[in-house]
Amino acid sequence: MKFKVSCLSILLFILWTPMLASAEWKQLESKYHQNAYGTKYFYETKMSYAAASSPKTPIVVLWGKVVYSGKGDPAYAQLLSNGCPPEMNSVELKYLVDINNKKAAIVYGVLYDVQGRTLGTDERPNAPYSPIPPDTGAEVVWRLVKELHEKGAIK
């Protein structure tokens, strides 16, 4: 359990500083989601509002996915050094994105191997929100979510 929490905490840091069921994944295409190691970043296109959401405080549920193609990626190496299993190939994370306050929290995560087998899960329904730093991949995603909210495209 401790290694899962450590892995997910590190993933939050990684995704926010550089960035399931019948999921329709779209690859993130920005300078913040490209690297020389082959790592790919995706988001699930069917977003929804969290139960705690309100018109005054919109909170969007967003699934993100990271697929590590190159084991030389320093982010991947950092995950391994924090206890994630070496056979880990990808991770899916469920975020709550507070649009008005520009914050997000990871509330659920799943680690997968290259065959798509689940290596571990972690659920943190009361995970703390972290500010989304400017000029990062996380800010790109936040802007996308905010735009979709403003257009009424989130159900």
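Residue numbering for the sequence shown follows our numbering, beginning at 34 and increasing consecutively. Think of the CB as a built atom: it goes at the ideal place given N, C-alpha and C, for glycine as much as any other residue. Being a predicted model, the structure only gives us computed values, none of them experimental.
In three-state DSSP terms, what is residue 46? Residue placement at residue 46 is flagged as unreliable, the pLDDT there being 48, under the threshold of 50; the coordinate-derived value follows with that caveat. Collapsing the DSSP output to three states places residue 46 in a helix.
May I ask you to list the residues that DSSP assigns as paired with residue 145? Its beta-bridge partners are 123, 151.
Using the Cα positions of residue 114 and residue 60, report the straight-line distance between them to the nearest angstrom. The straight-line gap from Cα to Cα measures roughly 27 Å.
Bridge partners of residue 135, per DSSP? Note: residue 135 sits in no beta bridge, so no partner.
Can you tell me which residues form a DSSP beta bridge with residue 100? DSSP output for residue 100 lists 73, 123 as bridge partner(s).
Could you give the DSSP three-state label for residue 158: helix, strand or coil? Residue state, collapsed to three classes: coil.
For the 8 Å Cβ check, are there 3 or more pairs between the stretch 150 to 160 and the stretch 173 to 186? Note that the stretch 150 to 160 does not touch the stretch 173 to 186; fewer than 3 beta-carbon pairs, one per stretch, sit closer than 8 Å.
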